[in-house]
Each structure stands twice: as C-alpha cells, then as structure tokens.
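As structure tokens, the structure follows; a few thoughts come after it.
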Amino acid sequence: MTESEWFDPESGDAQAERALVRSVREVVDYVDAGGWDQRPQLFALVPTAELAAAEPSLLDQLEDGTELTPVAQERLPADVAGGSHALDEFLGTTTWPASVAGCALVQEIVVLPPDAESDLDSALAPLLADRDAADQAARLAAEEHPERRDGRLIVAVLRDGPSIALLQLRPDEEDDGFGDPPELLTYENLAPNVIAALHATLDAVEDDDF
Numbered sequence: 002m003t004e005s006e007w008f009d010p011e012s013g014d015a016q017a018e019r020a021l022v023r024s025v026r027e028v029v030d031y032v033d034a035g036g037w038d039q040r041p042q043l044f045a046l047v048p049t050a051e052l053a054a055a056e057p058s059l060l061d062q063l064e065d066g067t068e069l070t071p072v073a074q075e076r077l078p079a080d081v082a083g084g085s086h087a088l089d090e091f092l093g094t095t096t097w098p099a100s101v102a103g104c105a106l107v108q109e110i111v112v113l114p115p116d117a118e119s120d121l122d123s124a125l126a127p128l129l130a131d132r133d134a135a136d137q138a139a140r141l142a143a144e145e146h147p148e149r150r151d152g153r154l155i156v157a158v159l160r161d162g163p164s165i166a167l168l169q170l171r172p173d174e175e176d177d178g179f180g181d182p183p184e185l186l187t188y189e190n191l192a193p194n195v196i197a198a199l200h201a202t203l204d205a206v207e208d209d210d211f
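Sequential numbering from 2 applies to the sequence shown in our numbering.
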C-alpha cells in the first residue's frame, strides 16, 4: 500500500493528512530500525518550525520541508505492554503541551484471522465482568493460537481530527526481503478505540515541554 492510500483524499484536509503521513513514515522507519520485540512507544508530533525555534541545536537533525517532526518519548512501562486494559489506563493519564500538534503510538500486537477472533470472543464472554482477567486470557489464547501472526499497530492523530491506523506484519524468518521498506496495511475501522484514546490525550493541555 502506498502512502497516498493511507487516508481519504476527499476528506477536505489533505494538507494536514499529508503532513501526518510524512511524520508516520518517519516513526515507522525509526521503530523498524530497532527491530522487533520492543515495548510500546509514544511520539509527540511537533510543528517543525516551532521545534527549530525552541531547540536551535536540533536544526541539523530536522528534515527540510517537513511540517511535523516526531519526537520519541520514553518507552511505555513493561506492565503496560501486557494488555489493552493497561494501555487504556496509561493513555487515560497522558497529556501533551499545547505546542504538540498530534501524537503517535506504536505497539506490537498478535494478529489472528477473523474466524479465530470470533471464536476467541465467544470463549472469553464469561470473563468480561473482570477486564483484567479477560485481557490476560485473551492475550494468552492469542499467543498460543497456531494461526497467529506478530505485527505492529501504528496509530497517529492530530488535534484537528485527521488520523491514520496502519498494520505491519512481522516477516517470517525465512523471508528474504531483509532491508526492504516495511509493508504497511490499513483496513476499514482499524483500531478505533486507540484512535479515540490518542485524541483524548490531546484534549487536556499541560505546560510546554517536549
């Protein structure tokens, strides 16, 4: 899938979406360079001009012509990587300064075929009253499923609305495409809860500090 297919060109805000696409590509390249088996990581998406003015020492590191620059944050705590409930709670306490135009989250996930996900939902129904128990059981069942695939979920949003959600599947060990750009996929209604959670982190404003 090409970058031009990551968003709706008829959405009415193509310029903002193009800026978001470029910053997401930087995020993907940065994370991909570190290999797999990484903890989730957040990125602040900062207007490049404002970042250059605030941190002149970074001028040599900033890419010319980009409207937004991703700024990597500390990796999320190990316990947050253990399930969606923990991630929801972490994002619920996350805020950004007003100078941050958007944010991105990269997390490794287990991808199952649609029929397996349906069976898993039915099996976990009795545990839904206990979110922690259901979350842990779902993670263990997914990891043990014979048709599982490892992947990365990349989600990015801007304060003014545009968002992107992408999926990168982990290459098989015998895959000889080492060094090729990662293949990024998107699907209708991919990760709506994560998109909403990231937008919520931008609603509250803290003191400016990248």
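Beta carbons: idealized from backbone N, C-alpha and C, even for Gly.
- The beta strand (DSSP E) runs lying completely inside the region 32 to 56 and spanning 3 residues or more are 42 to 48, given in chain order.
- DSSP places R153 within a strand segment (E or B) once states are collapsed to three.
- Exclusion of the five residues before and after L69 leaves A20, L21, R23, S24, L46, V47, P48, T49, A102, G103 as the residues of its chain whose Cβ lies within less than 8 Å of its Cβ.
- Residues of the same chain with a CB within less than 6 Å of the CB of V112, apart from the 5 flanking positions on each side, are R150, G152 in chain order.
- 7 Å or more divides the Cβ of L191 from the Cβ of Q169.
- Collapsing the DSSP output to three states places S24 in a helix.
- The C-beta of P182 has fewer than 16 other C-beta atoms within 10 Å across all chains shown, which makes the residue exposed.
- For T187, the closest of S164, D80, L77, A54 by C-alpha to C-alpha distance is S164.
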